[in-house]
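Heads up, the thing below is written out as structure tokens.
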Amino acid sequence: MLTIKAGRAFRRESTSWVDPLPSKGLLTISPSDDGLVHFTWKNRETDTVEEELLLIPGDASFIKVAESSGRVFVLKFESSDQKNFYWVQDPSPTILERVEQNVNGLLQDPTFQPSWNTSSTAAPATTTTAPTATTRDHEMTSVEATQTRQPGIENDPIAQSIAAQVRALMGNMMIPPSGAAGAAQQTSVALSDVLSPTSLAPLFEPANSGVLASLQDFLPPDLPNDPSSTPEETLRKVIQSAPFQSSVRQLDRAFATGLLGQLMPGFGLPIEAGLSVDAFLKEIHDKAKRDQGGATE
């Protein structure tokens, strides 16, 4: 297990500038029992874990941000465009180099043994304040940052909340790229086709008003109350939002790896349901039939 005193930083809206927050925290990277990597950030002032990720080895990397004080790092993922920023409290260049090596060692191989042995110091020191200057994130230009936002979303409080919920949900399950070694065979059905706005358009027909009403229960309970939006319009925003569609594509990749089987029992489905999209959809169909007291085909 590796622990590092570090704060968090966030990119300014619609820019490539990163601002460190003053809150002091603790990064913990450790192997989990199922061969994955547990990555958490805890606020040391409130003793609350505010960020918790379960990563597949090789999917994430911890990289020093260019044009910074040298203490700002970005956690990047091969399987998505999500980026999490942190500032390390220790200002020593030697220690910062070891932080980068140790974190990446564990992200690539959970059995990696971190080492702090250096020629200049035996243990990391810390500072108590965040870097004062803002940092430009060269990993993503301001043009790219703007392009990732769908027109109309950034000014809509409901859409913003939905986007945050989706990012938080998918951030807890990082998946390797579709070409990763050991990936399962490609499926004949893609969730991105099944859950596209066009495919889901029939849901909004008057005949399916009962289905729409049941779906309201699955929306985040803390969505801002927008009197001008009907429940149907809120659901449309979910389906059409870029974060939702990006999450669906991530699930497609996850099914392609065949590594989702271990998660299926938690949804009341057999492990086989996580081996492909086809198997997942069939098991969902069969479970619905069973729940309704009918026979499966």
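Following full-length UniProt numbering, the numbering of the sequence shown begins with 1 at its first residue and continues without gaps. Even glycine gets a Cβ: it sits at the ideal position worked out from N, Cα and C. Predicted, not measured: the structure shown is a model, and the values here were computed from it.
**Message:** Under DSSP, the beta strand (DSSP E) around Pro-31 begins and ends at which residues?
**Reply:** 25-31
**Prompt:** Going by alpha carbons, who is nearest to Pro-57 out of Ala-6, Val-74, Ala-66, Ser-30?
**Reply:** Ser-30
**Request:** Sort out for me which residues DSSP pairs Trp-116 with in a bridge.
**Result:** BP columns for Trp-116 are empty, so no partner.
**Cβ shell of Arg-12 (< 7 Å), same chain only, five flanking positions each side left out** = Asp-19
**Message:** Just verifying my parser: in three-state terms, what is the DSSP assignment at Gly-171?
**Reply:** Note on Gly-171: pLDDT 46, under 50, position unreliable in the model; no value is reported.
**Request:** With Ala-9 as the anchor, note down where its alpha helix (DSSP H) starts and where it stops.
**Result:** Counting along the chain, Ala-9 falls outside any alpha helix (DSSP H), though it belongs to the beta strand (DSSP E) covering 2-11.
**Asked** Roughly how many angstroms lie between the CA atoms of Phe-10 and Leu-75, to the nearest whole one?
**Response** 12 Å
**Message:** Just list the residues that DSSP pairs Phe-77 with in beta bridges.
**Reply:** Ala-60
**Prompt:** Start and end of the beta strand (DSSP E) containing Leu-96?
**Reply:** Premise fails: Leu-96 lies in the alpha helix (DSSP H), 93-108, not in any beta strand (DSSP E).
**Request:** For Leu-215, collect the residues of the same chain with a Cβ closer than 7 Å to its Cβ; drop the 5 residues on either side in sequence, then sort them by chain order.
**Result:** Leu-235
**the segment 245-261 touching the segment 189-208, judged by at least three CB pairs closer than 8 Å** = yes
**Request:** Please name the residue in Thr-111, Gln-101, Asp-109 whose C-alpha comes closest to that of Asn-117.
**Result:** Gln-101
**Item:** Cα-Cα separation between Asp-291 and Gly-261, rounded to whole angstroms
**Value:** 21 Å
**Prompt:** Shorter than 7 Å from the beta carbon of Leu-219 to some beta carbon of chain B?
**Reply:** Absence of chain B from the displayed structure is noted, only one protein chain being present.
**Asked** Can the beta-carbon of Tyr-86 be found less than 7 Å from the beta-carbon of Ala-201?
**Response** no
**Request:** Please report the residue range of the beta strand (DSSP E) in which Asp-19 lies.
**Result:** 17-20
**Request:** Taking Phe-39 as the reference, give the member of Glu-45, Leu-26, Thr-46 with the closest Cα.
**Result:** Leu-26
**Request:** Could you pull out every residue in the same chain whose Cβ sits closer than 7 Å to the Cβ of Arg-44, ignoring the five residues on either side in sequence?
**Result:** Lys-24, Gly-25, Leu-26
**Message:** Quick check: the Cα distance between Thr-28 and Trp-41, rounded to an integer number of angstroms?
**Reply:** 6 Å
**Inter-residue spacing [alpha-carbon to alpha-carbon] between Thr-3 and Arg-98** = 12 Å
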